[in-house]
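Working notes, structure below.
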Amino acid sequence: MGEDDGKKKEIEKLMKTCLSKDEQISYDSLIVLKRRASNRQNHSLLLQCRIVPVFFQLLESIEVKMLTDRRRKTVDLLFSIFGDLCNLHECREEVHVSHILFLSPSYVQLN
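In terms of the working numbering, the sequence shown opens at residue 2 and continues consecutively.
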């Protein structure tokens, strides 16, 4: 198994655990993903693992009205990782597509 394969498996595992209902497990996984995202060489690998839709899924699961301190830090961390990754055109495109899906009528509740 190559080095990229090992990194990819680690990233995929972290993406699953960042969706955990346990706030501490989710946050700890995001901390590691943040370290991976701070290395430009990992940006393409993170995108290949489809990290952007996972992040939108995580954002969707966070109840804004009931934010704990940990969840606030989680949201801050998510946007920090997005910031690191959005230096790549491919990531900006992925965020745009995921954003459109996230805001589709099935997600938006009109008052």
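Glycine included, every Cβ here is placed at the ideal spot set by N, Cα and C.
CB contact flag (residue i, residue j, <9 Å)
{"i": "residue 13", "j": "residue 50", "result": "yes"}
{"i": "residue 34", "j": "residue 20", "result": "no"}
{"i": "residue 48", "j": "residue 79", "result": "no"}
{"i": "residue 53", "j": "residue 31", "result": "no"}
{"i": "residue 55", "j": "residue 63", "result": "no"}
{"i": "residue 88", "j": "residue 41", "result": "yes"}
{"i": "residue 29", "j": "residue 18", "result": "yes"}
Cβ separation of residue i and residue j, assumed to be a contact under 8 Å, to the nearest whole Å
{"i": "residue 99", "j": "residue 57", "result": "5 Å"}
{"i": "residue 9", "j": "residue 46", "result": "6 Å"}
Next item on the list: Run through the stretch 34 to 101 for me and flag every whole alpha helix (DSSP H) of 4 or more residues, listed as ranges in chain order.
Entry: 44 to 49, 52 to 62 and 70 to 86
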